[in-house]
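Scroll down for the structure; my scribbles are underneath it.
Shown next as C-alpha cells:
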C-alpha cells in the first residue's frame, strides 16, 4: 500500500512519511500490548492484523484456532482459505499479535458470521487493495446477522460512526459493521504466541514520532494523512478512556493530539501561502514560528494588484513601453493597375462584363462566370511601408534580483508585511525561471544582513530570515553599495537588477548618486524602488518608482 501512497505525497513528503516509525499504529500497538487486557476470539469474531503503516489484513475467526480469510494466490487473484494465526500474520512487519472485536467484557462474535465465512472457503474472485479485498469479504460475513439479533440503538444505525485506524475506507466500514452487528466498541490483542514467550513490545520513541510529524512537508496529500492519524488517535483515546492506562500514557497521547490538531489548523490557516508557493515544501516546524506573519502575507499575495503587477514586471519576459522601437516594414499594397486577370472581384470588374446583366439569357452566364471566378477584372499591385512596434528582446532582463529591504522602525506593521509578500511573490516567479534572489536587510549605518535564495527549498529559510529586523533609523547608501558589489563580483549576478523596498524617499548624497550612476552605466543594471507606504515619489537614481 505504501507503494500507492508514496507517489501521491511527492518525493519529499514520501521520504518524511517513510521516516515515520510506522506512524500512530506503533504507539497504539505498544499501549495495547503493554497495558490492556488480552483476549481470545470466539466463533464469528472479526480479526485483523497490522501489516504496515496503512495496510491491514482482516478475516473471521471460525473456531479451533482457524480463521477464514482471503489469500492472494496470483496477480489480482484471491481465494477464501482457512489458516492459523501464524499464517494469518506471516506478512506483518509490526508484530504478530492479532486484533479482535470486543465489547467492554471481552471478545464478541456470532455463530452466523462464523458459518457464513466458513461456507465461502474455496471461493475465488478478483482481489484489489481497495475493492473486493479482505475487509469487504469480512464485512459481507458480518452483515449476514439480522438487524434484530444485536441490540443497537437507532442513533447508532443511522448516524455515521467515527473514523478508525486506517486510510482504507473498507476497514473503517468493516469496523462500523462490527459495532452495529456485534456490539464491538473495542479492539484488543489476541496473544496467540503467549506460550512461545514473544519478546515484550519495546516503547517507541515518542519524540521521534513528534519530530517526524513536524518535519513532514505539507500539501493536500500529507495533510490528509495527518488528519487521518488525528482521527485514529482521537477515536483510540475515546476507546481507552475507561481503562486502567497509566496517566503518563494519557498525557503523551494528549500531547500528540494537540500537535496533530495544530498542524491541521496551521495548514488550514496558511493554505493560501502554501498553494501560492507549492515548491517551497513548507513543514509545520517552519510555518509555526512565523504563523501570524504568514497570514498577513497570504492576504497581500492574493489581493494586492500592485504586487501582482510588479511581480510580472520583474519577470524575465516583461518589456516596458519604453523598451520598444519603431520599425519601417515593407507591406504588400494594391494601389496601381498592373493589368487584367480572371477573378470574382466585383469591385474591380471591367465595364464590359456588365453588359451581360442586360440580357436574361446572358445574365445566367454572368453568374456562372462569377461562381467560377472567370470574370475579367483589373489586376492591382504595389507596395507600402508600415510602421510597427518591435520589442527589443535583448533588453529583457534575464538575471537574478538583488533586493534591499528596509527594516527600520517606520516599516513595522502593514508596510513590512507588504514588503515580505512582495519578496515571496517575486521569488516564486524567479524560482520558476531558474533565477536567484539575493536579499539584503538594512537599517541604520552598519546594519546589514544578507540571505541568498537559489532553489524553492530555500524559501522557508528565507521566511525565517525575514523575521529579523533592526527597528531603528535608515541609511540607504550601505545596502545600495553592497548590492552593486554583489552584481560586480558575483558571476551569477552579472545580469541582475536592484529592487529597493522601503516606506519613504531614498535620501542619497550627490557624491553617492554620481558613483551609483557610474556603476549603473558600467554594470548595465536597473533600479526599481518600491514604496510600501506613502505616495509615489520620483528620485534621481531609480529607473522606476512604484507604490504598493
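Numbering (UniProt numbering), first residue to last: 1 to 548.
Here a beta-carbon is modelled for each residue, glycine too, at the ideal position from N, C-alpha and C.
| Item | Value |
| --- | --- |
| Which one or two residues does DSSP pair with residue 69 in a beta bridge? | 81 |
| Indicate whether residue 283 and residue 214 have their beta-carbon atoms separated by less than 8 Å. | yes |
| What three-state label does DSSP hand residue 46 in the structure shown? | strand |
| What are the boundary residues of the beta strand (DSSP E) that residue 59 is part of? | 55-63 |
| Should residue 177 go down as buried or exposed, given a rule of 16 or more other Cβ atoms within 10 Å for buried? | buried |
| Counting Cβ pairs, one atom from each stretch, are 3 or more of them under 8 Å apart for the region 110-126 and the region 75-88? | yes |
| Just to confirm the assignment, what range does the alpha helix (DSSP H) spanning residue 265 have? | 247-276 |
| Does the beta-carbon of residue 415 have 16 or more other beta-carbons within 10 angstroms, so that it is buried, or is it exposed? | buried |
| Rounded to whole angstroms, what is the Cα-Cα separation between residue 532 and residue 201? | 59 Å |
| Excluding the five sequence neighbours on either side, which residues of its own chain have a C-beta within less than 8 Å of the C-beta of residue 291, listed in chain order? | 266, 269 and 270 |
| How many angstroms separate the CA atom of residue 256 from the CA atom of residue 273? | 25 Å |
| Using CA coordinates, which residue listed in 501, 450, 367 and 446 is at the minimum distance from residue 478? | 446 |
| Given residue 430, which residues of its chain have a CB within under 6 Å of its CB, disregarding the five upstream and five downstream residues? | 437 |
| Applying the 10 Å Cβ sphere with the 16-neighbour rule, what's the burial state of residue 400? | buried |
| Between 180, 185 and 462, which lies nearest to residue 101 when the distance is taken from Cα to Cα? | 185 |
| Considering only C-alpha positions, which residue in the set 547, 337, 343 and 375 is nearest to residue 352? | 375 |
| Just verifying my parser: in three-state terms, what is the DSSP assignment at residue 351? | helix |
| Output the boundary residues of the beta strand (DSSP E) element that contains residue 187. | 186-190 |
| Name the DSSP beta bridge partners of residue 502, please? | 531 |
| Could you work out which residue in 31, 451 and 278 is closest to residue 466 when comparing CA atoms only? | 451 |
| So, helix, strand or coil for residue 543, using DSSP? | coil |
| When we look at the beta-carbon of residue 460 and count the other beta-carbons within 10 Å, is it buried (16 or more) or exposed? | buried |
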